[in-house]
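The next block holds one structure in the form of structure tokens; read it before the comments.
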Amino acid sequence: GDSVTQMEGPVTLSEEAFLTINCTYTATGYPSLFWYVQYPGEGLQLLLKATKADDKGSNKGFEATYRKETTSFHLEKGSVQVSDSAVYFCALSFTNAGGTSYGKLTFGQGTILTVHP
Amino acid sequence: GAGVSQSPSNKVTEKGKDVELRCDPISGHTALYWYRQSLGQGLEFLIYFQGNSAPDKSGLPSDRFSAERTGGSVSTLTIQRTQQEDSAVYLCASSVEGLLLYGYTFGSGTRLTVV
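Chains E and L, in that order, are what the protein sequence lines are.
Mind the numbering: the first sequence is residues 44 to 160 in my numbering, read in order.
Mind the numbering: the second sequence is residues 63 to 177 in my numbering, read in order.
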């Protein structure tokens with residue numbers, strides 16, 4: 044079955060450090076890939092997405108590139124801030140060419156990020 | 063409403079009791095999803111509603127779990143004869159039908175503790 048494997052945390056960084064959170068997936072076909080973020084006390088929010096190979100999703104200084112050859116979607120940010128402290132989830136789902144989903148997301152385990160001043 | 067609303071936000075129940083968790087999706091969102099977030103288990107899909115019907119309920123862990131949706135809006139997840147392993151945060155999400163490219167909108171969840 045489909046699965047997502049994330050780099051285990053927790054990850055602790057100093058402000059302005061470079062961030063990488065690894066994500067690899069196993070799936071039949073070509074899924075759409077997502078990063079979700081959960082800030083303390085809040086619900087999950089979509090951070091960025093990519094729907095086909097070589098697409099780069101970006102938002103709030105975060106980026107991730109859909110690499111079909113390595114089945115990966117690593118999350119990166121050049122300079123983290125204290126406000127980026129949260130739990131980050133990589134996820135996949137299947138969509139057809141029209142963007143219609145097959146209904147569910149498969150999530151990774153989540154990575155806790157803590158950024159210190 | 064402006065977002066997905068879940069109630070209660072916290073629930074403590076005794077083992078063996080039944081509980082009901084409620085989800086109010088965003089108005090006009092015809093797709094509704096329930097997930098469970100357990101410590102060390104990540105997020106598990108439970109059930110997907112398209113309108114009032116559930117084309118995918120493959121994630122419900124046992125027959126103690128059931129869910130319904132009425133009027134294409136509010137959904138209730140019911141857990142009968144709760145067990146300690148049911149302790150988790152139950153998340154609801156809604157989206158415009160099928161348009162997963164825009165992502166779901168998640169509620170803040172119901173934290174269920176079975177003692």
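We treat Cβ as the ideally placed atom computed from N, Cα and C, and that holds for glycine.
Looking at C-alpha atoms only, which residue of the options is the closest neighbour of residue i?
i        : options                                   : result
E:Glu85  : L:Val177, L:Ser156, L:Thr167 and L:Leu174 : L:Thr167
L:Ala150 : L:Leu83, L:Gly65 and L:Ser67              : L:Leu83
L:Pro87  : L:Val158, L:Leu174 and L:Thr75            : L:Val158
L:Ser67  : L:Leu105, L:Ala129 and L:Ser170           : L:Ser170
E:Ser101 : E:Val123, E:Pro83, E:Thr55 and E:Trp78    : E:Trp78
L:Phe107 : E:Ile64, E:Val80 and E:Leu135             : E:Leu135
Just to confirm, is the Cβ distance from residue i to residue j under 8 angstroms?
i        : j        : result
L:Cys154 : L:Ser137 : yes
E:Phe137 : E:Pro74  : yes
E:Phe132 : E:Leu89  : no
L:Lys73  : L:Leu174 : yes
Quick one: grab the DSSP three-state call for residue i.
i        : result
E:Ser128 : coil
L:Glu130 : strand
L:Glu82  : strand
Can a CB atom of chain L be found closer than 8 angstroms to the CB of residue i?
i        : result
E:Gly153 : yes
E:Lys95  : no
E:Phe61  : no
E:Glu58  : no
E:Glu85  : yes
Is there a Cβ of chain E sitting closer than 8 angstroms to that of residue i, yes or no?
i        : result
L:Gln156 : One detail in the question is off: residue 156 of chain L reads as Ser in this sequence, not Gln. No, because no Cβ of chain E sits closer than 8 angstroms to the Cβ of L:Ser156.
In its own chain, which residues sit with a C-beta less than 7 angstroms from the C-beta of residue i, not counting the 5 before and 5 after it?
i        : result
L:Glu76  : Val177
L:Arg131 : Leu94, Phe111, Asn114 and Ser137
E:Leu91  : Trp78, Gly100, Ser101, Asn102, Phe105 and Ala107
Only counting the same chain, and skipping five residues up and downstream in sequence, which positions put a Cβ closer than 6 angstroms to that of residue i?
i        : result
L:Tyr110 : Tyr95 and Asp118
Which same chain residues, not among the five before or five after residue i, have their C-beta less than 8 angstroms away from its C-beta?
i       : result
L:Gly90 : Val158
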